[in-house]
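Below you'll find the structure, written out as structure tokens, and then a few comments.
In mature numbering (1 follows the signal peptide of the UniProt record, and there is no 0), the protein residues as written are -19 to -1, 1 to 72.
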């Protein structure tokens, strides 16, 4: 029974570390510490040099934080536009 549990655990861990199947149109890039990092098709590049494949879990996290950042930027733009419109109405 323990042997069977260990095998299942091993299979589960392999599933977590498999490369993420990413559509070709999804790419992310950012700058940190003067270095340009980009993620294209599940591959991590730093300053244009391939570093490693990302796991499915890492890609889900990248997608989550990218969407959260986009929502934040969109809400800030709306707030700024609303403030601009309300101040122009007062004039």
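C-beta atoms are modelled at their ideal positions from N, C-alpha and C, and glycine is treated no differently.
For residue i, the three-state DSSP class (helix, strand or coil)
i           : result
residue 5   : For residue 5, the predicted model reports a pLDDT of 49, less than 50, meaning its position is unreliable and no value from the coordinates is stated.
residue 35  : coil
residue -18 : helix
residue 10  : strand
Option nearest residue i by Cα separation, candidates the options
i          : options        : result
residue 8  : 24, 31 and -10 : 24
residue 29 : 21, 36 and 44  : 21
residue 33 : 42, 51 and 19  : 19
Residues that residue i bridges to, as DSSP identifies them
i          : result
residue 27 : 18 and 30
Any C-beta of chain C under 8 Å from that of residue i
i           : result
residue -14 : Although the question refers to chain C, the structure presented lacks it and comprises just one protein chain.
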